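> Residue numbers (our numbering): 5 to 195.
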Amino acid sequence: MNLPNKLTMLRVILVPVFMVFAAFSGYGTAEYNQTFMLVAGIVFAVASITDFLDGYIARKYHLVTDFGKFMDPLADKCLTTAAFIYMVADGICSPVVLAVILFREFAVAGVRMIAAESGTVIAANMWGKVKTVLQMLTILFYYFAAALSGPADVMGVGVITMVLTWLVAAATVLSGGIYLWQNRSCFMQAK
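#1: For MET23, which residues from the same chain have a beta carbon less than 7 Å from its beta carbon, with the 5 sequence-adjacent residues on both sides left out?
#2: Run through DSSP, which three-state label would GLU109 get?
#3: Below 8 Å on the Cβ atoms is my guess for THR169 versus THR142; work out the distance and round it to an integer in Å.
#4: Closest by CA to ALA51, which one among PRO77, LEU178, ILE96?
#5: Please report the distance separating the alpha-carbon of PHE107 from that of ASP157.
#6: According to DSSP, is ILE53 part of a helix, a strand, or is it coil?
#7: What is the DSSP secondary structure of SER29, reduced to helix, strand or coil?
#8: Quick one: complete alpha helix (DSSP H) runs, 4+ long, within the region 67-152?
#9: Going by the CB atoms, is the gap between ASN187 and VAL115 shorter than 7 Å?
#10: According to DSSP, is MET5 part of a helix, a strand, or is it coil?
#11: So which of ILE182, GLN139, GLY180, VAL177 has the shortest CA-CA distance to MET166?
#12: Compute the distance between the beta-carbons of ASP80 and ASP55, then report whether it is under 7 Å.
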């Protein structure tokens, strides 16, 4: 397993670590724990950095593999979806936004499965990467702003985060539509 793939697997391992701290942060409740919120943000940031590094190293040193093309976007989806689920639980993200994200991810996974039947691996496109970066920035903003502002400014952090999540939903719809259009030939080949 090459270094980019190891970084991808590290991101997968960090997902449950992030989830533990996010779950016990208790944002917006009497049990709110700023330290857990901050640690969740740091773990998410480290995982997000591995996303940049694995792609950069793979492209620069020609270490792109089919495993990486498949696992990198899957690791991103696991990480960002877990974060959005906790944001919905915290009342910071609309369930509609989460549904849009999940629908796009299932649709893209379906196209990849159809393509895989013919031996084709479809890598993430630029619009998917833009969507992922916007998701990660929104999540980072939420966890760090909430941890640093504490319970005193729940409303300000919440409003900004809600606006950002709706922008994520718009980018998700756009990237999903472009992805499905670019790979429409997969539907033609499906039997």
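Every residue, glycine too, gets a C-beta built ideally from N, C-alpha and C.
This structure is a prediction, so every number in the text was calculated from the model and none was measured.
The structure says:
#1: Translated into the one-based positions of the sequence shown, residue 23 becomes position 19. Cβ within range, chain order: ALA86.
#2: Walking along the sequence shown from the start, residue 109 turns up at place 105. In the structure shown, GLU109 sits in a helix (DSSP, three-state: H, G or I).
#3: The residue you call residue 169 lines up with position 165 of the sequence shown. The residue you call residue 142 lines up with position 138 of the sequence shown. Contact holds; Cβ gap of about 6 Å.
#4: For this step, residue 51 is matched to residue 47 along the sequence shown. Cα-wise, what sits closest to ALA51 is PRO77.
#5: Start at 1 with the first residue of the sequence shown, and residue 107 comes out as number 103. Start at 1 with the first residue of the sequence shown, and residue 157 comes out as number 153. Going by the C-alpha atoms only, they are around 32 Å apart.
#6: As a working mapping, residue 53 is identified with position 49 in the sequence shown. In the structure shown, ILE53 sits in a helix (DSSP, three-state: H, G or I).
#7: Here residue 29 refers to the residue found at position 25 when the sequence shown is read from its first residue. It is coil, neither helix nor strand.
#8: 70-93, 99-121
#9: Position 111 of the sequence shown, counted from the start, is the residue given in the question as residue 115. Position 183 of the sequence shown, counted from the start, is the residue given in the question as residue 187. It is a contact, given that the beta carbons lie within the stated cut-off.
#10: Indexing the sequence shown from 1 puts residue 5 at position 1. If DSSP states are grouped into helix, strand and coil, MET5 belongs with coil.
#11: To locate residue 166, count along the sequence shown from 1; it is residue 162. Considering only alpha carbons, the answer is GLN139.
#12: Working through the sequence shown from its first residue, we reach residue 80 at position 76. Working through the sequence shown from its first residue, we reach residue 55 at position 51. Yes, the Cβ-Cβ distance between ASP80 and ASP55 is below 7 Å.
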